[in-house]
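K.L.:
Mind looking over this structure? Questions follow.
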Amino acid sequence: MNRTVPMWNSGIGIISFVDAAPPPVYSNKFVHYCKMCVWFTASVVLMAASASRARAGHYVVTYTGGTVVTTENGKATTVNYSGGGTSSYGGGGSCDCTSPHTSGSLVLGGQITATFTFVPDPSVPGDIPPPAVVIEQTCFAWASPYSYNASEITGESADCGLGFPQVGPATGDVHSGGSGPGLGALYEIKQNPGNSFSVTCSPSLNITVARNASDTGPDVIVGGGVSYTAAANPLYISLNGGIGGQATRQYLIGQSCGGSLVTGGLSVAPMPNYKWAIPAAGSPFKNWVLSNYVVNTGMGNAEVPETATYEPLQQADLTQSGFQCYFKKPNLSKPIKLTCSCDLAVPSGALPAAGFPGTSFQSFQFSVQQPAFKSLTGSFTANNQGQDIDLDRVSGTLGLNHIDFYGTVTTPAAFVTSNGDIGEWGLVQLWTPNRTATVNGNTVAIRNNGMQGLDNFMPYQHYWIPDGSQGDNWDAPFMNPPGGAVAESDTDSFYDYMLYRPPGASTGGNSCWVPLNYLTWTWNATATYVSGSGWYLDSNSSESISPGTTYPAFPTWTFAWMNNQTGW
């Protein structure tokens, strides 16, 4: 026949003492134990094996240690703690001190060790443990007498081993613990946890009964138990963009790299102080922005950006809850990590009460790749220096040198998207003219003479597919003397940038143009009009090409040259 004692709601379930055989299957909210035995079916806190996580790779936990020693009528029995898996770990029981004056005790103690082992995600090649984890420990130790004379309980204490104080009178229902509403858990942050690590906890419970010789009343029944859980949840910077898993992430230059915090189940403090640190490797930047588009009516009504602005990362970009950048250069020799620090808070009632100010987060290592490319080259056709050129004085155009550009770019096959997005590349040409003419004995200059600006298009004429095939383009400068001119002198300077935009633009703007290479070239000529004969190029007309470096500074401009707007 069951003999049930009054019940106490611990916050993790209803605890009841029974003097009977093992109970039937109960709701997972309940903890049941009988004399000398304990069956734990409680699901007390977030367990490591079932914890919510951003990654499939995770830690599983196993427990060892701890004993329950029950002494009745001078006979001691010892039982080891048990449980684990998806349930709590621990032990408990009851001590029945019979009439008239039997003494007894219930003692739980010993060190519990929770050992965590990392289980990689089988779908992610090379999956490795996170840079840090938040360890969450809960332990609940409780003692509850049933029928007693207070003077006969000579010792009663409960200590969960996590720093929470004992609650309750010296004799009566007492508990110490980190589970249930208002009780909380003990948190710890472990950096570089590796494939395996352990934490320990030493809870204790002690109830001693020494019955008076004159006491012939009912049995004095006392009971108690210890319930312990531990979980390890990843704490790191989650990377987005690029390809591969968190531990094998790769980006192409120009692809968006973003980071957000995975806080291991903790929360960011109400007034966080985010501090992102981005290594200089890879030359991270915020953006390269084209704006102020106008219609080039002289070149097929193409839309032309009159402004190009390079935006470096500013302090304000490094104090937000999330982070985003692009990389301008590859970094193949040494992997890169993002780091961030902020203040983390623990739930109300948990320890440490102050939380974790200045917690350091790291991302997994990642690399920044580059497309394969051949640097931009250029070549001129033969100049027609010194030859008599027939010039239509009405149109005022004199065809001169012709330059051809060549280059190839190949997007690595691993980065080509499932919808076939391979990226694109093209040229941007900036032009700085210095052009004067002699009219009626006066020297005049073209409108906006000496200003550097975009030459007609972005990109220059058209894009190419970065599949390794050669792209070629050309330009043909011309002289355009004003009416009545008898001489013109032109000195033109050009910068031609080989720009690449990796896959991603077709799926939400996740990529940005980056310069791979550039070259500069100059062209100068003077021409004289001879009455009755026409225009002649002077013999000192010339041109030159100078190769530039790879991964140059971004081209910027605040002005767009258009062929129909270069008048005198």
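The sequence shown lines up with residues 18 to 585 when you count with our numbering.
In this text, a Cβ means the ideal position worked out from N, Cα and C, and glycines have one as well.
Determine whether the beta carbon atoms of LEU123 and THR87 lie at a separation below 8 angstroms.
P.N.:
Yes, these two residues count as a Cβ contact at 8 angstroms.
K.L.:
Just mark SER215 as buried or exposed, buried being the case when its beta carbon has 16 or more other beta carbons within 10 Å.
P.N.:
Flag for SER215 reads exposed.
K.L.:
Hey, out of THR233, PRO186, ASN212, whose CA is closest to PHE133's CA?
P.N.:
Considering only alpha carbons, the answer is ASN212.
K.L.:
Kindly indicate which residue of SER99, GLU169, ASN436, THR95 has the alpha-carbon position closest to the one of THR81.
P.N.:
Ranking the options by Cα distance to THR81, first place goes to SER99.
K.L.:
For THR94, which of helix, strand or coil comes out of DSSP?
P.N.:
Reduced to three states, the DSSP call for THR94 is strand.
K.L.:
Go through the segment 301-363 residue by residue and report every complete run of the alpha helix (DSSP H) that reaches 4 residues or more, in order.
P.N.:
With a minimum length of 4 residues, no continuous alpha helix (DSSP H) run stays inside the segment 301-363.
K.L.:
With H, G and I counted as helix, E and B as strand and the rest as coil, what does DSSP make of GLN263?
P.N.:
In the structure shown, GLN263 sits in a helix (DSSP, three-state: H, G or I).
K.L.:
Smallest Cα separation from GLY275: which of ASP489, TYR291, GLY258?
P.N.:
The residue with the shortest Cα to Cα distance from GLY275 is GLY258.
K.L.:
When the Cα of CYS8 is compared with those of ALA160, TYR535, GLY102, VAL385, which residue comes out closest?
P.N.:
The shown model of the chain, from 18 to 585, leaves out residue 8, and the question about it has no answer.
K.L.:
Please report the distance separating the alpha-carbon of GLY107 from that of ILE224.
P.N.:
Using only the alpha carbons, I get a separation of about 17 angstroms.
K.L.:
Within its chain, find whatever has a CB closer than 6 angstroms to the CB of GLN382; leave out the 5 residues flanking it on each side and keep chain order.
P.N.:
Excluding sequence neighbours, GLN382 sits near PRO352, LYS354.
K.L.:
Spatial neighbours of GLN128 within its chain, please: C-beta separation below 8 angstroms, excluding the five flanking residues on both sides.
P.N.:
Once the five neighbours on either side are set aside, the close Cβ partners of GLN128 are GLY82, GLY83, THR217, CYS218, SER219.
K.L.:
Which stretch, first to last residue, makes up the beta strand (DSSP E) that contains SER510?
P.N.:
Where SER510 is concerned, the enclosing beta strand (DSSP E) stretches over 502-518.
K.L.:
Once DSSP output is grouped into helix, strand and coil, what is the label at SER122?
P.N.:
In this structure, SER122 counts as strand in the three-state DSSP scheme.
K.L.:
If you draw a straight line from the C-alpha of ASN304 to the C-alpha of GLY488, how long is it?
P.N.:
Cα to Cα, the separation comes out at about 26 angstroms.
K.L.:
So TRP578 packs on ASN497, CB below 8 angstroms; how close in whole Å?
P.N.:
TRP578 to ASN497, Cβ: 13 angstroms. No contact.
K.L.:
Closest to THR427 by CA distance: which of PRO364, LEU447, GLN386, THR119 is it?
P.N.:
Out of PRO364, LEU447, GLN386, THR119, GLN386 has the C-alpha closest to the C-alpha of THR427.
K.L.:
Would GLN154 pass as a contact of LEU179 if the rule is Cβ separation under 8 angstroms?
P.N.:
It is a contact, given that the beta carbons lie within the stated cut-off.
K.L.:
So for GLN208, helix, strand or coil by DSSP?
P.N.:
The answer is strand: DSSP assigns GLN208 an E or B state.
K.L.:
Looking only at its own chain, which residues have a Cβ that is under 6 angstroms from the Cβ of SER440, when we skip the five neighbours before and after it?
P.N.:
Just to set this straight, residue 440 is Gly in the shown sequence, not Ser. So the list reads THR428, PRO483, ARG518, PRO519, PRO520, once near-sequence residues are dropped.
K.L.:
By the DSSP assignment, the beta strand (DSSP E) with SER555 in it spans what residues?
P.N.:
The identity of residue 555 in the sequence shown is Asp, whereas the question assumes Ser. Here ASP555 belongs to no beta strand (DSSP E), and DSSP marks it neither H nor E.
K.L.:
Of the choices THR356, ASP555, TRP530, whose alpha-carbon is the least far from that of SER506?
P.N.:
Nearest of THR356, ASP555, TRP530 to SER506, Cα basis: ASP555.
K.L.:
Would you tell me roughly how many angstroms separate the C-alpha atoms of ASP138 and SER380, rounded to the nearest one?
P.N.:
Going by the C-alpha atoms only, they are around 17 angstroms apart.
K.L.:
Is it right to say ARG312 is buried, meaning 16 or more other beta carbons lie within 10 angstroms of its own, or is it exposed?
P.N.:
Going by the sequence as given, residue 312 is Val instead of Arg. The residue is exposed, with fewer than 16 neighbouring Cβ atoms inside 10 Å.
K.L.:
Using DSSP bridges, identify the partner residues of ASN534.
P.N.:
Its beta-bridge partners are MET515, THR567.
K.L.:
Leaving out the 5 sequence neighbours to the left and right, which residues in its chain are closer than 8 angstroms to THR566 when beta-carbon positions are compared?
P.N.:
ASN534, TYR535, listed in sequence order.
K.L.:
Determine which residues share a DSSP beta bridge with ASP472 and list them.
P.N.:
DSSP, once it has assigned bridges, lists TRP578 as partnering ASP472.
K.L.:
Does the segment 187-201 come within contact of the segment 261-278, defined as at least 3 CB pairs closer than 8 angstroms?
P.N.:
No: fewer than three Cβ pairs fall under 8 angstroms.
K.L.:
Output yes or no for whether 8 angstroms exceeds the beta carbon distance between ALA298 and ASN348.
P.N.:
Against a cut-off of 8 angstroms, the Cβ pair of ASN348 and ALA298 comes out as a contact.
K.L.:
Cβ of THR543 within 8 angstroms of Cβ of SER561?
P.N.:
No, the Cβ-Cβ distance between THR543 and SER561 is not below 8 angstroms.
K.L.:
Just to confirm the assignment, what range does the beta strand (DSSP E) spanning ASP113 have?
P.N.:
Element bounds for ASP113: 106-114.
K.L.:
Would a C-beta distance cut-off of 8 angstroms place TRP574 and GLN469 closer than the cut-off?
P.N.:
Going by C-beta atoms, TRP574 is nearer than 8 angstroms to GLN469.
K.L.:
Beta-carbon separation of ASN318 and GLY282 under 8 angstroms?
P.N.:
Against a cut-off of 8 angstroms, the Cβ pair of GLY282 and ASN318 comes out as no contact.
K.L.:
Output the distance between the C-alpha atoms of PHE157 and GLY366, rounded to the nearest integer angstrom.
P.N.:
If I take the Cα positions, the gap works out to 14 angstroms.
K.L.:
For GLY7, which option in MET515, THR460, VAL503 has the closest C-alpha, if you only look at C-alpha atoms?
P.N.:
No information on residue 7 is available, as it lies outside the stretch 18 to 585 that the chain covers here.
K.L.:
Is DSSP giving ALA371 helix, strand or coil here?
P.N.:
Here ALA371 sits in coil by DSSP.
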